[in-house]
Amino acid sequence: MARAGGEDPMTQVAPAAAPDRRVVRRRLWVAGLVCWAAAAVAYGALHLVYGPRPVYIHIRWAPAVNDGTRQQLEERFALVDGEQLDGRTWGYTLADQSPQNIRAFVGEPAVEDTHYIHRTAFRPWRFAPVRRYLVERWWIPGGLEGFSYLAVLFGVIAVGAGLLERVVPGITGTLVLARPRPDAVFVLIFVAALLPRLYLATTAPYIHDEENASIPRSRLISFAPDDLNLPIRSQNHPALPAYFVKFSSTFFGTRPLGYRMLHVITGMATIALIYLIAAQWYGVVAGRWAAALLAFNEYYVGVSSRATAHVPHLFFLALAIYAFTGFLRRQRAGYLYGSAVALGLAFYCKEHSALLLPVFALAVLQRPYRHWFRSVHVYLASALLLLVIAPDLLWNATAGEETRQATYGDHLQRIGGLGFSPYPLVFYARSVVRWLHPIVTGRPLVDATAEYFSMNPVFGVLLLGAVLAATARRRLLENSGFLVILFWVVWGFFTAIRPGGSPKDLDPVSWIWVDVTMFPAVILAGALLATAAGRVRFVALAVAAAAFLYASVVLLGT
1398 MARAGGEDPM TQVAPAAAPD RRVVRRRLWV AGLVCWAAAA VAYGALHLVY
1448 GPRPVYIHIR WAPAVNDGTR QQLEERFALV DGEQLDGRTW GYTLADQSPQ
1498 NIRAFVGEPA VEDTHYIHRT AFRPWRFAPV RRYLVERWWI PGGLEGFSYL
1548 AVLFGVIAVG AGLLERVVPG ITGTLVLARP RPDAVFVLIF VAALLPRLYL
1598 ATTAPYIHDE ENASIPRSRL ISFAPDDLNL PIRSQNHPAL PAYFVKFSST
1648 FFGTRPLGYR MLHVITGMAT IALIYLIAAQ WYGVVAGRWA AALLAFNEYY
1698 VGVSSRATAH VPHLFFLALA IYAFTGFLRR QRAGYLYGSA VALGLAFYCK
1748 EHSALLLPVF ALAVLQRPYR HWFRSVHVYL ASALLLLVIA PDLLWNATAG
1798 EETRQATYGD HLQRIGGLGF SPYPLVFYAR SVVRWLHPIV TGRPLVDATA
1848 EYFSMNPVFG VLLLGAVLAA TARRRLLENS GFLVILFWVV WGFFTAIRPG
1898 GSPKDLDPVS WIWVDVTMFP AVILAGALLA TAAGRVRFVA LAVAAAAFLY
1948 ASVVLLGT
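Sequential numbering from 1398 applies to the sequence shown in our numbering.
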């Protein structure tokens, strides 16, 4: 029987005296300030030595401009790497961003129009695509820029951890003062999972959701005071995923890898969160299995390599689950508030994240946690969730019927009543369901998201088998109640509704809606693979090996 807790997943702590909480907070805050100071120095040196990063602009030349004149004007205005886009419109890297140079070519009679240029302030637009520095050793300014961004990020993490330590004493103290010993096996899994994602993010063509939703929406976001545009909603869902694409393209450029890089990073962070959850409940070996099952199934490899809403949605859901399992393990109120904030951020990616709210409530109704309903924290955490999503609630309450963006009402119209839907099963065995559906119903399966990878049926059998085993024999795994509830509430909801309408071009049904169920599934499967013995262990390992081999063949073929 798997045990709850187990050895610490990321570090094994040598016995030591309890750290002084004030010392821990002080060290975190000092580390954060040092990171921010280093970022300021690096960013200042970058701009003093190399200036602003070159940007990509469009210029439409006047009809009278011939090739010779155009080449002379390109040299005069420091326009390099020219490419003809459409007719008289050319794309350039603008090497000289001085107001004098921009004023000169904006006023040039040979320039009919421009794009990504502020024609009255004589500067590039804030959201203009960036290019790498036009120097021979471009990696030096690139390294300074990357270091400054990472230092800011680490500073935010350190200061945030210090604030968290103040709210929830002891949550970070042990980790800060511990003598760490990394889990080498997990590090290998992590690196092996990162490589195919970087390759796909660099080489894979854009899919529909990238070309028609996330990337175009991100280009509309502007932080410029004179052109401020910070939308709450995109076309079909809240706009937080568009901000991910915006930040990614700002920091990493506007090539495919640039748009997708933050999603790759966030997808890898999600793997680490699932590893931590499984390792804390069932031990390090279970954590390794859970991480591998998530990292190498085809569906998650595909979505975590692309700039769509799925990765930030799954990341914030994983963060909410991680915080909530921390509450179940330690029964500290701070984790409830953390899960509320994370769930609210997930809601800003996809509204059906709200399904986790009844999941959390049912988990707290279990006997060891019922007394929390007599405390104020459960209700304050719920109020915090409502506060986080209040702007989106207000937008929907005030949106008229004429709005072109999808509202909650439009999404609810996609529910056609009670019935049976095979689509949740498609997530785990698309090829099998696609084959069986016309045999059983006489109609082909309609798949509006066929461009996404789905996990192979061997993976599906392994994960669904683990969930069924944990459901039928609760004593098989300790503390599996929350994971079982999470799986069946989400799975059951989408299985029990018939497809309805498709207002505003919304898909009436999608098998991707149940993707969060793979989190409890991989954790339970990891725990069972780590603890199985005898013939059961042999069969389970054989199925897991077949699933990984199947996925490898599919991904290599792709």
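Glycine included, C-beta positions come from ideal geometry on N, C-alpha and C.
Cα-Cα separation, LEU1591 to GLU1798
44 Å
What is the rounded straight-line gap between the Cα of ARG1831 and the Cα of VAL1477?
Taking the straight line from one Cα to the other gives about 51 Å.
Assumed close pair PHE1713, PRO1635 - CB separation to whole angstroms, cut-off 8 Å:
About 11 Å separates the beta carbon of PHE1713 from that of PRO1635, a gap too long to meet the 8 Å contact definition.
Assigned exposure category for VAL1936 - 16 Cβ within 10 Å defines buried:
exposed
Would you list the one or two residues that DSSP bridges to LEU1815?
ILE1894
ARG1811 beta carbon less than 8 Å from that of GLY1897:
yes
How far does the alpha helix (DSSP H) with ILE1454 in it reach, from first residue to last?
From DSSP, ILE1454 is part of no alpha helix (DSSP H) but of the beta strand (DSSP E) over 1452-1458.
Anyone know if the C-beta pair for ILE1788 and VAL1829 falls short of 8 Å?
According to the sequence provided, residue 1788 is Pro. The question's Ile does not apply to it. Not closer than 8 Å, so no.
Can you tell me the Cα-Cα spacing of SER1495 and TRP1522, whole angstroms?
13 Å
Inspect the CB distances between the segment 1435-1450 and the segment 1545-1556 and report whether three or more fall short of 8 Å.
In this structure the segment 1435-1450 touches the segment 1545-1556; the number of beta carbon pairs closer than 8 Å is three or more.
Have a look at the DSSP bridge pairing and note the partners of PRO1635.
ARG1630
With a threshold of 8 Å, are at least 3 pairs of Cβ atoms found where one atom belongs to the segment 1495-1513 and the other to the segment 1451-1471?
yes
For THR1914, collect the residues of the same chain with a Cβ closer than 6 Å to its Cβ; drop the 5 residues on either side in sequence, then sort them by chain order.
PHE1884, VAL1887, TRP1888
Would TYR1776 be called buried (16 or more neighbouring beta carbons within 10 Å of its own) or exposed?
exposed
Compare the C-alpha of ASP1912 against each of LEU1753, GLY1923, ALA1927 and name the closest.
Of all alpha-carbon atoms in LEU1753, GLY1923, ALA1927, the one lying nearest the alpha-carbon of ASP1912 is that of LEU1753.
Any idea what DSSP makes of TRP1487, helix, strand or coil?
strand
What does DSSP give as the partner residue(s) for VAL1527 in the beta ladder?
VAL1452
So, at 6 Å on beta carbons, what are the nonlocal neighbours of ARG1516 in its own chain, with the 5 sequence-adjacent residues on each side left out?
Same-chain partners within the cutoff: VAL1503.
Out of curiosity, what's the CA-to-CA distance linking LYS1342 and TRP1910?
Within the shown structure, residues of the chain are numbered from 1398 to 1955, placing residue 1342 beyond reach of any answer.
Measure the alpha-carbon distance for MET1398 versus GLY1429 and round it to whole angstroms.
Residue placement at MET1398 cannot be trusted, given a pLDDT of 48 that sits under 50; the coordinates are not used to answer.
SER1619 (DSSP reduced to helix, strand or coil):
strand
Which of the three DSSP states, helix, strand or coil, is assigned to PRO1841?
coil
What residue range is occupied by the uninterrupted alpha helix (DSSP H) comprising VAL1508?
Per DSSP, VAL1508 belongs to no alpha helix (DSSP H); it is in the beta strand (DSSP E), 1508-1512.
For ALA1937, three-class secondary structure by DSSP
In the displayed model, ALA1937 falls within a helix according to three-state DSSP.
What is the DSSP secondary structure of PRO1521, counted as helix, strand or coil?
strand
Can you check DSSP and say which residues form a bridge with GLN1763?
In the DSSP assignment, GLN1763 is bridged to no other residue.
By how many angstroms is the C-alpha of THR1804 removed from the C-alpha of THR1705?
When rounded, the distance between both Cα atoms is 20 Å.
I'd like the list of long-range same chain contacts for PRO1755, defined as Cβ closer than 8 Å, with 5 residues on each side in sequence excluded.
These residues qualify, in order along the chain: VAL1886.
Can you tell me whether HIS1707 is buried or exposed? The criterion is at least 16 other CB atoms within 10 Å of its CB, across all chains shown.
Label assigned to HIS1707: buried.
How long is the line joining the alpha carbons of HIS1774 and ARG1729, rounded to whole angstroms?
Computed Cα separation, rounded: 10 Å.
Separation of PHE1721 from ALA1942, as counted between CA atoms:
32 Å
Can you list, in chain order, the residues of its chain whose CB lies under 7 Å from that of ILE1671, leaving out five sequence neighbours each side?
ALA1687, ALA1688, LEU1691, ALA1715, PHE1916, VAL1919, ILE1920
Run of the alpha helix (DSSP H) containing LEU1752, from where it starts to where it stops:
Segment: none, LEU1752 is in no alpha helix (DSSP H) and carries neither H nor E.
Three-way DSSP call (helix, strand, coil) for ASP1493 in this model:
coil
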